[in-house]
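Quick mapping for you: the protein sequence lines, in order, are chains A and B. First residue of the first sequence? That's 1 in my numbering, and the numbers climb one at a time after it. First residue of the second sequence? That's 1001 in my numbering, and the numbers climb one at a time after it. Cβ atoms here follow ideal geometry from the backbone N, Cα and C, with glycine treated the same way.
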Amino acid sequence: MTISPEQRSAVEDLINAYALAIDDNDLESWPGFFASDCLYKIIAKENFDSGLPLGLLLCDSQGMLQDRMEAFSKLNVFGPRSWRHMLGAVHVTGSEDETITRTNFIIFETLAGKDTHILCAGEYRDIIIREDDALKFRERLCVYDTTIIPNSIVRPI
Amino acid sequence: MSETPLTWPEGNDRVPYWIYTDQENYERELEKIFYGPVWNYVGLECEIPNAGDFKRTQIGDQSIIVVRDAEGGINALVNRCAHRGVKLCEQDKGSFNEIMCPYHQWTYDLKGNLLGVPFYRGVKGNGGMPEDFSMADNGLDKLKVHVRNGGIFATMSDETPPFETYMGERILGYYDRELDGRSLKLLGHSRQRIGANWKLMLENIKDTHHASLLHVFFVTFGLFRVDNDSRVEMDDTGLHTALSSIRGKQELNDGTAQMRSFDSDLALSDPNLLDVVREFEGDQTVVMQTLWPNVILQQQSNTLATRQIVPKGPNAFELHWTFFGYEDDDEEMTTRRLRQANLMGPAGLVSLDDGQILERTQEGILAHPDEQGVVELGGRDTDDADHMVTEVALRAFYKGYRNVMGL
Chain A
1 MTISPEQRSA VEDLINAYAL AIDDNDLESW PGFFASDCLY KIIAKENFDS GLPLGLLLCD
61 SQGMLQDRME AFSKLNVFGP RSWRHMLGAV HVTGSEDETI TRTNFIIFET LAGKDTHILC
121 AGEYRDIIIR EDDALKFRER LCVYDTTIIP NSIVRPI
Chain B
1001 MSETPLTWPE GNDRVPYWIY TDQENYEREL EKIFYGPVWN YVGLECEIPN AGDFKRTQIG
1061 DQSIIVVRDA EGGINALVNR CAHRGVKLCE QDKGSFNEIM CPYHQWTYDL KGNLLGVPFY
1121 RGVKGNGGMP EDFSMADNGL DKLKVHVRNG GIFATMSDET PPFETYMGER ILGYYDRELD
1181 GRSLKLLGHS RQRIGANWKL MLENIKDTHH ASLLHVFFVT FGLFRVDNDS RVEMDDTGLH
1241 TALSSIRGKQ ELNDGTAQMR SFDSDLALSD PNLLDVVREF EGDQTVVMQT LWPNVILQQQ
1301 SNTLATRQIV PKGPNAFELH WTFFGYEDDD EEMTTRRLRQ ANLMGPAGLV SLDDGQILER
1361 TQEGILAHPD EQGVVELGGR DTDDADHMVT EVALRAFYKG YRNVMGL
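Structure (structure tokens):
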């Protein structure tokens, strides 16, 4: 099955818009990038490669995305910072109904008064579907290579 | 900093800040604590289930290989070739039949014994090792290992007391509650680096009342609150602590109510996150153990984990989390543990606060080695407490620390 240039472009727009929303700290829009039946998981490459299921962060419903968003926005305690997602080219396979993508990412984090550092590097492994006439992530696995996370991850990636 | 006299103030209720920042004190800690008469946590048996399986870990600044041999025994070996000092193993984990140094191919068995040296007899009558070279004397440095119910501990000292004596009966009781002899199921790892002194991590778990103040998530959902029925218990040295707490006592007395939710007006959008099932004897819903010197053994609801503390100089440490369940968990229980794991780790709903606050503590004290912290909550004594409105475990801890360090 082939994927039309329009679909490819729409998928890339979704992936870019997601990164932009996080970098803009617009967390309220975050759950809306996902389908009603969804999985979001940040997982260390060492777990992913070994078939170990533990996620650094796991949301397997819209409700859990919502709860996470609320916690990051209102409950957790952390200092001010900027994030910049740098995305690689999007590799697209699958079908128009179920588009499968892989996209490399690096996230630069800058804390107030400190040097910019790399928070983590890895790849998104996504399954994207159409729901309510919009593209949504049915599954977004963020597989990170970074062996040691510098302190904490205080937003979705 | 050399101007600062490294002395301890009178009494148990003050902690001088130089112990968190001083390089020489850190080096003494390595010798007297991590390389001294202690049992260092180095991993779980379920990480290396089969013969030849190994993991790499650290004790103090030293790299250690923990490996299961053909007889099923577990060995802890210093990750340094006996020949020229090359770091033998670079992978975090894997499997091998023997350990070979890539530089000159000295080869060791999984117990660390030297098996082979190339050109041992020389080549065409030239060279080779001297007649009196002893293979037996040139193996890898071996640590003494103790395994209890799936937890692996190692020591570099001949003077370390037996493990049971070292932990004491009371702490062992809590240890055996979580690691009860059932086979463990490894769920995965996460690792983070926190720019704070390693002792601040132990303090964070021993300091019971911060959870009610810092961790809004805990408070909001009643998982761990200062009004919960709680106990703070120490061993005789004060170095090990077991902190236990009971959530929602009335609900717990209802024997049928094994699955509990929370106040409806504070409800999560998806209550599955806190779909907690009672699985241990006794009423405690949280038991956090700090086992001297380098591990936290935790049960918070249905999340079970070890947090290994790896010091990185006075101003940083790594925290290596290993999450696990039991081999006999059904799929539902595994899913529950994986969901609740959201509470913990480098993006934990609760523990990300700790990573942030510990770094801020280090930043706050860094330029003030001659100042001191106040630990007077709950009095100035070092006795067990039946509540958590106290810093008693910190006072007991530093009493023990001073003994170990000769301060």
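Next item on the list: Can you pull the chain B residues whose beta carbon is under 9 angstroms from the beta carbon of residue 66/A, in chain order?
Entry: 1268, 1269, 1270
Check: On the premise that residue 1025/B lies in contact with residue 1034/B, defined as a C-beta separation below 8 angstroms, what is that separation, rounded to the nearest angstrom?
Finding: That pair is no contact at about 13 angstroms.
Margin query: With the cut-off set at 8 angstroms, would you say residue 1198/B and residue 1309/B are in Cβ contact?
Written below: yes
Note to self: Please report the straight-line C-alpha distance between residue 1138/B and residue 1113/B, rounded to a whole angstrom.
What the structure shows: 8 angstroms
Checklist line | Whole-angstrom C-beta distance between residue 148/A and residue 1192/B, which should lie under 8 angstroms | finding: 6 angstroms
Margin query: Quick check on the burial criterion: 16 or more other C-beta atoms within 10 angstroms. Buried or exposed for residue 91/A?
Written below: exposed
Notebook entry, point to check: Are the C-beta atoms of residue 1190/B and some chain A residue less than 8 angstroms apart?
Noted result: yes
Note to self: Under DSSP, the alpha helix (DSSP H) around residue 1171/B begins and ends at which residues?
What the structure shows: 1169-1178
Item checked: Where the stretch 138-155 of chain A meets chain B: residues whose CB sits under 8 angstroms from a CB there -> 147, 148, 149, 150, 151, 152, 153, 154
Next item on the list: Within its chain, find whatever has a CB closer than 6 angstroms to the CB of residue 1255/B; leave out the 5 residues flanking it on each side and keep chain order.
Entry: Residue placement at residue 1255/B cannot be trusted, given a pLDDT of 34 that sits under 50; what the coordinates show is reported in the next sentence. Nothing meets the Cβ criterion.
Next item on the list: Would you please verify whether the beta carbon of residue 22/A is less than 8 angstroms from any beta carbon of chain B?
Entry: no
Note to self: Buried or exposed, going by whether 16 or more other CB atoms sit within 10 Å of the CB of residue 151/A?
What the structure shows: buried
Notebook entry, point to check: In chain B, what lies closer than 8 angstroms to residue 29/A by C-beta?
Noted result: The contacting residues do not exist; residue 29/A stays about 16 angstroms from chain B at best.
Check: Rounded to a whole number of angstroms, what is the C-alpha to C-alpha distance between residue 1249/B and residue 1283/B?
Finding: Because residue 1249/B sits at a pLDDT of 43, beneath the cut-off of 50, its placement in the model cannot be relied upon, and the following sentence gives the value as read from the coordinates. Whole-angstrom Cα-Cα distance: 8 angstroms.
Item checked: Chain-order list of residues whose beta-carbon lies under 7 angstroms from that of residue 66/A (same chain, five-residue window excluded) -> 31
Notebook entry, point to check: What residues from the stretch 1007-1035 of chain B come within 8 angstroms of chain A, judged by C-beta to C-beta, listed N to C?
Noted result: none
Margin query: Please report the distance separating the alpha-carbon of residue 1367/B from that of residue 1022/B.
Written below: 11 angstroms
Next item on the list: Scan the stretch 1176-1210 of chain B for residues whose Cβ lies nearer than 9 angstroms to a Cβ of chain A and list them as they occur along the chain.
Entry: 1186, 1187, 1188, 1189, 1190, 1191, 1192, 1193, 1194, 1195
Notebook entry, point to check: Quick one: which chain A residues come within Cβ less than 8 angstroms of residue 1367/B?
Noted result: Correct list: empty, because the minimum Cβ distance to chain A is about 14 angstroms.
Next item on the list: Indicate whether residue 1317/B and residue 1177/B have their beta-carbon atoms separated by less than 8 angstroms.
Entry: no
Check: What residue ranges within the stretch 1067-1117 of chain B form continuous alpha helix (DSSP H) runs of no fewer than 4 residues, ordered along the chain?
Finding: none
Next item on the list: Can you give me, in chain order, the residues of the stretch 1291-1318 of chain B that have a beta carbon less than 7 angstroms from any beta carbon in chain A?
Entry: 1318
Notebook entry, point to check: Where do the ends of the beta strand (DSSP E) carrying residue 126/A lie?
Noted result: 116-131
Notebook entry, point to check: What alpha helix (DSSP H) runs, 4 residues minimum, are completely inside the stretch 1316-1396 of chain B?
Noted result: 1331-1340, 1351-1365
Next item on the list: Identify which residue in 1060/B, 1371/B, 1117/B, 1172/B has its Cα closest to the Cα of residue 1130/B.
Entry: 1117/B
Check: Buried or exposed: which applies to residue 117/A, given that a residue is buried once 16 or more other Cβ atoms fall within 10 Å of its Cβ?
Finding: exposed
Margin query: Bridge partners for residue 1247/B per DSSP, in chain order?
Written below: In the DSSP output, where bridge partners are listed per residue, residue 1247/B has none listed.
Margin query: Please state the DSSP three-state secondary structure of residue 136/A.
Written below: strand
Notebook entry, point to check: Looking at the C-beta of residue 42/A, does it have a partner C-beta in chain B at a distance below 8 angstroms?
Noted result: yes
Next item on the list: Return no unless some Cβ of chain A is closer than 8 angstroms to the Cβ of residue 1078/B.
Entry: no
Margin query: Let's test the definition: count the other Cβ atoms within 10 Å of the Cβ of residue 1082/B and tell me whether it reaches 16, buried, or not, exposed.
Written below: buried
Next item on the list: Could you check which residue in 1106/B, 1372/B, 1095/B, 1375/B has the C-alpha nearest to that of residue 1084/B?
Entry: 1106/B
Checklist line | residue 153/A (DSSP reduced to helix, strand or coil) | finding: coil
Notebook entry, point to check: Do residue 139/A and residue 1092/B come within 8 angstroms of each other at the CB atom, strictly closer than that value?
Noted result: no
Note to self: Could you check whether the stretch 1148-1166 of chain B touches the stretch 1040-1049 of chain B, counting it as contact only if at least three pairs of C-beta atoms, one from each stretch, sit closer than 8 angstroms?
What the structure shows: yes
Next item on the list: Could you tell me the distance, in whole angstroms, from the CA atom of residue 1307/B to the CA atom of residue 1210/B?
Entry: 19 angstroms
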